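Trainee: Residue numbers (our numbering): 1 to 229.
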Ligand SMILES: CC(C)(COP(=O)(O)OP(=O)(O)OC[C@H]1O[C@@H](n2cnc3c(N)ncnc32)[C@H](O)[C@@H]1OP(=O)(O)O)[C@@H](O)C(=O)NCCC(=O)NCCS
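Laid out in structure tokens, this is it:
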């Protein structure tokens, strides 16, 4: 089977949504994906053969608290009948090339700790795993949250993924920061706020639970630093 890889086009949205639904087990909105591909804000790739699209990877850039850019390998999925043929590995390699072209010094992926295939793929593609695992908490912001001004130490990262518009909370997980994230997300009509908590850190877990967050499971960051020069 001859498989090629190219940047995704808006017309690829139905095939991407179908593969995402089949492999990730949740509904995906093809209009949302088509809109993101039309806007050009995501760096998305598809792998295809003569009969159609077999796999996709979606990447986008975020900025850290210290101003460093990261290319987020947010979603990677291969049609079940085409898995185990090296397509996932090729999409990761192409994402790395994208990071180089964009001059972004870091490619990273948040991977569910129990996803052994993806862990193995990241490890053999040169990624390093975070020293500790994190529990992922998410909330769906409702209207009318109060918005304190002080969010010192808390970094809010707006994201547009194929699955949702949302905010990732980075830096200190304070009550003020969490409320600010919920408020900003509600104002911008974003569907999800996410936060990662080190497994050993119980205080933020209570803060998140008090503000309507629910645990989605345990994850690790896999990061690949690009060599400069
Ligand atoms: C994870 C995923 C993207 C990997 O893509 P893939 O094209 O199947 O992977 P590759 O063929 O490039 O193989 C990568 C490695 O995983 C191994 N592998 C692939 N499928 C496997 C399976 N079902 N069971 C065990 N190992 C498997 C390969 O043997 C290879 O191992 P190696 O590095 O030791 O040679 C794909 O399985 C998938 O779409 N999974 C569901 C969605 C998902 O979990 N996405 C990641 C998080 S968003």
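For every residue, glycine included, the Cβ atom is placed at its ideal position computed from N, Cα and C. These numbers come from a predicted model, not from an experiment.
Going residue by residue through the segment 23-103, where are the continuous beta strand (DSSP E) segments of at least 3 residues, counting only ones entirely within it?
Mentor: 43-49, 52-63, 69-78
Trainee: What's the gap between the Cα of residue 112 and the Cα of residue 160?
Mentor: As a first step, residue 112 is located in the chain shown; it is residue number 112 there, counting from the start. As a first step, residue 160 is located in the chain shown; it is residue number 160 there, counting from the start. Distance between the alpha carbons of residue 112 and residue 160: 20 Å.
Trainee: Does residue 12 pass the burial test, meaning 16 or more other C-beta atoms within 10 Å, or should it be called exposed?
Mentor: For the purposes of this step, residue 12 is taken as the residue at position 12 of the chain shown. It is buried - the Cβ of residue 12 has at least 16 other Cβ atoms within 10 Å.
Trainee: So, for residue 91: in the same chain, excluding its five sequence neighbours on each side, which residues have a beta-carbon less than 7 Å away from its beta-carbon?
Mentor: The sequence position of residue 91 within the chain shown is 91, counting from 1. Around residue 91: 5, 45, 47, 55, 57, 76.
Trainee: How about residue 228 and residue 191: do their beta carbons lie closer than 8 Å?
Mentor: Residue 228 sits at position 228 when you count from the first residue of the chain shown. Residue 191 sits at position 191 when you count from the first residue of the chain shown. Their beta carbons are not under 8 Å apart, which means residue 228 does not touch residue 191 by this criterion.
Trainee: Taking its Cβ as the centre, do 16 or more other Cβ atoms sit within 10 Å of residue 117, making it buried, or is it exposed?
Mentor: In the chain shown, counting from the first residue as 1, residue 117 sits at position 117. Residue 117 is exposed by the Cβ-count criterion.
Trainee: Is the beta carbon of residue 216 less than 8 Å from the beta carbon of residue 136?
Mentor: By 1-based counting over the chain shown, the position of residue 216 is 216. By 1-based counting over the chain shown, the position of residue 136 is 136. Contact flag set, yes.
Trainee: Give a single yes or no on whether residue 1 has its beta carbon closer than 7 Å to a heavy atom of ligand 1.
Mentor: Taking the first residue of the chain shown as 1, we reach residue 1 at position 1. No; taking the cut-off as 7 Å, the Cβ of residue 1 has no heavy atom of ligand 1 nearer than that.
Trainee: Can you check DSSP and say which residues form a bridge with residue 191?
Mentor: Stepping through the chain shown from its first residue, residue 191 is reached at position 191. Under DSSP, no beta-bridge partner is assigned to residue 191.
Trainee: Ligand 1 and residue 93: does any heavy atom of the ligand fall closer than 7 Å to the residue's C-beta?
Mentor: Reading the chain shown from its first residue, position 93 is the one you call residue 93. The answer is no for residue 93.
Trainee: So, using beta-carbon positions, are residue 64 and residue 170 closer together than 8 Å?
Mentor: Start at 1 with the first residue of the chain shown, and residue 64 comes out as number 64. Start at 1 with the first residue of the chain shown, and residue 170 comes out as number 170. With a cutoff of 8 Å on beta-carbon distance, residue 64 and residue 170 are scored as near each other.
Trainee: Once the 5 residues before and after residue 222 are set aside, which same chain residues still bring their CB inside 6 Å of it?
Mentor: For the purposes of this step, residue 222 is taken as residue 222 along the chain shown, with counting starting at 1. Cβ neighbours of residue 222 beyond the five flanking positions: 109, 111, 122, 127, 129.
Trainee: Looking only at C-alpha atoms, which of 97, 15, 8 sits nearest to residue 224?
Mentor: Mapped onto the chain shown, residue 224 falls at position 224. Ranking 97, 15, 8 by Cα distance to residue 224 puts 97 first.
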